[in-house]
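FYI, in the UniProt record's numbering the residues of the sequence shown are 1 to 315.
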Amino acid sequence: MLLPVWNHPTEVIEGAPAPQATACANPGQIAVTYNEGPSDVTAKVLNGLKASQAKANFFVNATWLYTQQYAMILQRAYNDGHFIGMTYRSPGDTSEGLTDEQIKADVTNTAKIIETLIGVAPKYIRLHYSQPEDIRLENIIRNLGYTLVAYNLDTMDYNYKGNPDGIAELYKSVFAKQIDTYDSKGSFISVQYDIPDTGSYEAIYDVVKTINEAGYTMVRLDGCLNDKSPYKEHANSMKFISDKHSLGQANYKAGQITPEKPASTSSPAVNAQAVDAATLEEEALLKKVSGSVMNSFDWSTLVIGTIAMLCTWAF
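Given below as structure tokens:
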């Protein structure tokens, strides 16, 4: 029996917040999500996931993708079989002062940047936090065919930069409280940040171990929400498609193993063989991407991206 996953009814209600997914449809599942990357630590997260034979979900900040190395990391995450969505932040953190058409164009152009690099456009969006909630923005995005994704397990990893063990402990306490309260497993969409200012990249091995020991299955968001068409064919299209890693396809992967944790997840001297292998893989990707990434952006996209970067710095 499927569980409810939406924080509001899925039918359109005038003036009401748009529904956002906050949990998985099946008990015992957890979709681990990362916001705001790629960054200088995303490769470390990917290495930990690879050692765990696990798939995660990355809500990408397209602003960074004009940097070649970050474009390369996004391609690696996608090719490794992880799920790619996007974060969206309206200029000034509000839709006020923008027309509907301006918002639609900005969202679409942001998605196009990701599409250029991975060949499919994101369908799942996580909005940057705003107060008060921007209900107008939510509904405009939903009407463009996007699925909004929130979460029901906030790791608050920004509080654990110097104490990554605290992140795994938080997962453990949430799982224990679920059992104590309901005597059954729940389902979760967790949120972390693959940026240097959190402890997430150092916590990856312990987090997967904790999830595994609690008997939860790590899933991509398409598996979490039973969605066999989790991407858009194009950023400005309403046609939804799958890829070779999607739910129902041969390369779809759920589950994990408890990984062997390096002596230190932050020291380049440890686990040298794994680090060397990852470095060689990234260098090969860099050569592949270097000749094509910037050429693949047309001038209009470049101008829009530059404006987006200036807005991000300004606000």
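Cβ coordinates follow ideal geometry from the N, Cα and C atoms, glycine included.
Could you check if residue i is buried or exposed, using at least 16 other CB atoms within 10 Å of its CB as the buried criterion?
i	result
lysine 112	buried
valine 5	buried
tyrosine 205	buried
aspartate 106	buried
leucine 148	buried
isoleucine 13	exposed
serine 173	exposed
serine 90	buried
asparagine 35	buried
alanine 263	exposed
aspartate 157	buried
isoleucine 210	Residue identity differs from the one stated: residue 210 is threonine in this sequence, not isoleucine. Buried is the call here.
lysine 244	exposed
lysine 44	buried
tyrosine 182	exposed
Tell whether a beta-carbon distance below 8 Å holds between residue i and residue j.
i	j	result
asparagine 152	threonine 10	no
isoleucine 189	alanine 18	no
alanine 51	threonine 33	no
lysine 161	lysine 232	no
threonine 42	aspartate 197	no
leucine 65	leucine 117	yes
glycine 223	lysine 185	no
glycine 37	valine 208	no
glycine 85	threonine 217	no
aspartate 134	serine 95	yes
glycine 199	isoleucine 179	no
alanine 203	proline 164	yes
alanine 62	threonine 110	yes
valine 219	cysteine 24	yes
phenylalanine 83	leucine 225	no
asparagine 26	serine 187	yes
alanine 16	glutamine 256	no
Could you check where the beta strand (DSSP E) with residue i kicks off and where it finishes?
i	result
glutamine 192	188-193
alanine 214	That residue, alanine 214, is in no beta strand (DSSP E); it is neither H nor E in DSSP.
valine 32	29-35
tyrosine 13	Checking the sequence, you will find isoleucine at residue 13 rather than tyrosine. Here isoleucine 13 belongs to no beta strand (DSSP E), and DSSP marks it neither H nor E.
leucine 127	124-127
Which of the three DSSP states, helix, strand or coil, is assigned to residue i?
i	result
glutamine 256	coil
proline 91	helix
isoleucine 241	strand
aspartate 106	helix
alanine 77	helix
alanine 277	With a pLDDT of 44 at alanine 277, under the threshold of 50, the predicted position of this residue should be treated as unreliable, though the coordinate-derived value follows. It is helical.
valine 60	strand
leucine 148	strand
lysine 232	strand
aspartate 154	strand
alanine 18	coil
alanine 121	strand
methionine 86	strand
Just confirm the distance between the C-beta atoms of residue i and residue j, as a whole number of angstroms; I'd bet it's less than 8 Å.
i	j	result
glutamate 138	alanine 235	The pair is not a contact, with the Cβ atoms about 18 Å apart (cut-off 8 Å).
glycine 248	lysine 228	4 Å
phenylalanine 59	arginine 126	4 Å
leucine 144	lysine 104	6 Å
asparagine 251	glycine 119	The pair is not a contact, with the Cβ atoms about 15 Å apart (cut-off 8 Å).
histidine 128	threonine 87	6 Å
glutamine 20	alanine 121	Not a contact, Cβ separation roughly 19 Å.
For the alpha helix (DSSP H) that contains residue i, what are its first and last residues?
i	result
glycine 223	221-224
asparagine 139	135-143
valine 45	42-52
tyrosine 182	165-182
Taking 8 Å as the CB-CB cut-off, is residue i touching chain C?
i	result
methionine 238	Any reference to chain C falls outside this structure, which holds one protein chain only.
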